[in-house]
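In this note's numbering, the protein residues as written are 21 to 63.
Glycine residues also receive a C-beta, built at the ideal position from the N, C-alpha and C atoms.
Computed from a predicted model, the values in this text were never measured in an experiment.
Working notes, beginning with the structure itself.
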């Protein structure tokens, strides 16, 4: 959520993460980040 993401959107995603935290959500974030890095879209 860096780059072109607005501050408002970042705050909304942070709040979503805080309200919905679980080990599974963390695993999903790690998995999606890994895929984005492999595809070259995670910069």
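Annotation: residue 47 to residue 27 spans about 24 Å, alpha carbon to alpha carbon.
Residue 35 and residue 60 have their alpha carbons spaced roughly 27 Å apart.
For residue 59, the enclosing alpha helix (DSSP H) has its first and last residue at 43-59. If you draw a straight line from the Cα of residue 37 to the Cα of residue 57, it comes to about 21 Å.
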